[in-house]
Amino acid sequence: MPRDKTAAAYRVHIETFGCQMNEYDTELVRALLKAEGFALTDDRERADVVLMNTCAIRENAHNKVYGHLADLKAIKRQRSLVVGVLGCMAQNLKKELMETESIVDVLVGPDSYRRLPDLIAQAIEAQEQGLAHKGIAVDLSEYETYEDILPERAEGVNAWIAVMRGCDNFCTFCVVPYTRGRERSRDPQGIIREAEHLAAHGYKQVTLLGQNVNSYRYEDWDFARLITAVAEIPGIERVRFTSPHPKDFPPALLDAVAGHPNICKHIHLPLQSGNDRILQMMNRTYTCKEYLDLVDDIRRRRSDIALTTDIICGFCTETEEEFLDTYLTMQEVGYHAAFIFKYSERKNTIAARKYPDDVPDTVKSDRVTRLVELQKAISLEKNREMIGRTVPVLVEGDAKKSSAQWMGRTDSNITVVWEKRGSSARPGDLVPMTISRVSATTLFGEERPPS
Ligand code: SF4
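If you want it as structure tokens, here you go:
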């Protein structure tokens with residue numbers, strides 16, 4: 009940092025791409041920068057430092073980051089600006105980014121955020137002296153959980169708590185084990201203290217996060233015990249969790265979800281493919297039958313638990329028949345919603361090294377379209393069953409399309425929209441809502457007056 013200036017003289021703007029874990033990591037980074045005195049700004053045009061917290065899961069996310077880098081290049085031609093790339097792309101593409109993207113000054117992977125304030129200060133100093141400088145921190149850690157850092161959260165109804173980091177599963181298509189390292193879980197007492205702090209500050213919903221959240225283990229604590237302990241904290245109205253792996257659902261966890269009133273009746277259960285050969289190539293460690301048995305187990309406990317999923321279309325060598333197995337499995341399960349993606353080869357993954365990415369892009373796109381159409385029809389049918397029912401909805405804030413409407417979510421995580429006129433609801437309230445009409449993605453309701 010130049011001697012005549014402090015960190016407070018520099019405004020940092022952070023853009024976040026990808027999953028909730030990245031949103032959470034941005035909150036950690038904000039806390040780390042604030043503790044070192046940097047000013048934070050939402051306005052990129054006025055920023056002295058722009059950081060991009062990136063995602064390496066899909067091609068689309070990569071392309072967005074490269075697009076933003078091109079914009080920043082234009083800004084950097086006109087004035088001084090420090091540009092940093094954080095997160096999974098920084099970890100996975102360090103060499104390429106440093107060599108081909110001349111405007112990147114700082115590159116920091118997900119386990120090295122503690123070094124970020126120093127690297128930014130060095131980059132600012134070098135830039136003000138007209139020196140070429142690149143700061144890199146991409147070491148993976150077996151221990152880093154940022155346990156002692158209280159994230160700088162945006163105000164709202166929901167707060168995320170990362171309970172574990174990393175992944176040991178090595179699904180062959182996935183880059184996460186290489187960008188985020190081995191699994192490690194946080195001390196449950198620290199998590200409980202954080203959740204108590206959130207409840208005391210008015211957050212009504214807590215979402216427990218991890219790349220493989222239900223493999224959480226710390227001494228004799230497992231995920232079922234942890235989520236129950238969090239749900240029992242006074243003031244926490246709802247607890248959610250994401251993203252789980254189907255292999256880690258012991259009966260105690262299903263009992264916790266089914267039996268505890270504060271744990272939301274929604275399980276995200278990534279299927280990825282409904283064909284055993286493809287599942288094996290993906291190293292998902294379950295067969296389609298084992299997955300369907302788990303679905304039966306869940307529904308035997310409570311038929312109202314909503315299931316959602318992730319699907320990859322056109323994984324290496326997937327045939328039309330194998331794709332149809334996925335189609336039929338989706339029909340059989342009847343998910344409330346599904347995130348459906350084309351397979352995109354990720355550098356450094358097992359699939360990239362071992363298998364040909366040989367399904368033509370047009371075939372992948374066609375398969376995605378067919379599954380999206382199927383899912384739309386299923387979601388619409390499920391939502392229609394809600395018409396006339398009254399359900400508790402947690403108010404989150406203004407609806408996306410109109411500030412004259414509220415938006416909230418049901419326990420099963422379905423979006424509900426209703427008119428503000430005549431409503432005394434506030435974000436964070438749980439209100440009874442009678443559903444009057446639906447689309448495939450949204451329920452529209454009317455607030456039931458208190459009796
Ligand atoms: S479980 Fe599989 S898909 Fe999920 S983060 Fe780990 S390797 Fe990636």
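Here my numbering is used: the first residue of the sequence shown is 9, the next is one more, and so on.
Every residue, glycine too, gets a C-beta built ideally from N, C-alpha and C.
The structure displayed is predicted, hence computed values, not measured ones.
Nearest neighbour of residue 69 by Cα position, chosen from 354, 211, 446, 222, turns out to be 354.
Residue 282 and residue 225 have their C-alpha atoms some 29 Å from each other. At a cut-off of 6 Å, the beta-carbon of residue 63 does not count as near ligand 1: no heavy atom of the ligand is closer than that. In the three-state scheme derived from DSSP, where H, G and I count as helix and E and B as strand, residue 360 is classed as helix.
Relative to ligand 1, residue 175 has its C-beta within less than 6 Å of a heavy atom. If you check the C-beta of residue 184 against ligand 1, you find a heavy atom less than 6 Å away. Of the heavy atoms belonging to ligand 1, none sits nearer than 6 Å to the Cβ of residue 27. Contact between residue 195 and residue 155 holds: their C-beta atoms lie close to 6 Å from each other, under 8 Å. For residue 89, there is no enclosing beta strand (DSSP E), since its DSSP letter is neither H nor E. Residue pairing by DSSP places residue 172 opposite 193 in a beta bridge.
The Cβ atoms of residue 294 and residue 324 do not sit closer than 7 Å to each other. Beyond the five residues adjoining it in sequence on each side, residue 357 comes within less than 8 Å, by CB distance, of 180, 181, 182, 183, 186 in the same chain, given in chain order. At least one heavy atom of ligand 1 lies closer than 6 Å to the C-beta of residue 220. When distances are taken from the beta-carbon of residue 272 to the heavy atoms of ligand 1, even the shortest one reaches 6 Å or more.
In summary, residue 385 is exposed, with fewer than 16 beta-carbon neighbours lying within 10 Å of its beta-carbon over all protein chains present. Relative to residue 88, the option among 207, 134, 50, 45 whose CA is nearest is 134. Bounds of the beta strand (DSSP E) holding residue 400 are 398-406. Between the region 299-317 and the region 246-263, the count of Cβ pairs shorter than 8 Å is three or higher; the stretches touch. One thing to note: residue 279 has its Cβ no nearer than 7 Å to the Cβ of residue 327.
Per DSSP, residue 286 is one residue of the alpha helix (DSSP H) stretching across 284-290. Around residue 121, the same chain offers 33, 36, 37, 40, 94, 154 as residues with beta carbons nearer than 8 Å, after the five sequence neighbours per side are excluded.
Residue 452 has 425, 445 as its beta-bridge partners, per DSSP.
Under the three-state reduction of DSSP output, residue 62 falls in the strand class. Non-local C-beta neighbours of residue 436 in its own chain, meaning closer than 6 Å and more than five positions away in sequence, comprise 165, 212, ordered along the chain. Boundaries for residue 353: no beta strand (DSSP E) harbours it, and the DSSP string shows neither H nor E there.
Here residue 337 is buried: its Cβ has 16 or more other Cβ atoms, across all protein chains shown, within 10 Å.
Residue pairing from DSSP places residue 230 in a beta bridge opposite 225. The beta carbons of residue 116 and residue 131 sit about 11 Å from each other, so the pair does not count as a contact at 8 Å. Of the candidates 109, 138, 361, 331, 331 places its Cα closest to the Cα of residue 349. With respect to the C-alpha of residue 102, the residue from 48, 145, 201 having the closest C-alpha is 145. In the pairwise beta carbon analysis, the region 217-232 is classified as touching the region 165-177: at least three pairs are separated by under 8 Å. In the structure shown, the three-state DSSP call for residue 83 is helix. Ranking 239, 228, 189 by CA distance to the CA of residue 207 puts 239 first. DSSP places residue 314 inside the beta strand (DSSP E), whose first and last residues are 314-321.
Taking 6 Å as the cut-off, one finds no heavy atom of ligand 1 near enough to the beta carbon of residue 276.
Contact between residue 236 and residue 276 does not hold, since the beta-carbon distance rounds to 19 Å and is not under 8 Å.
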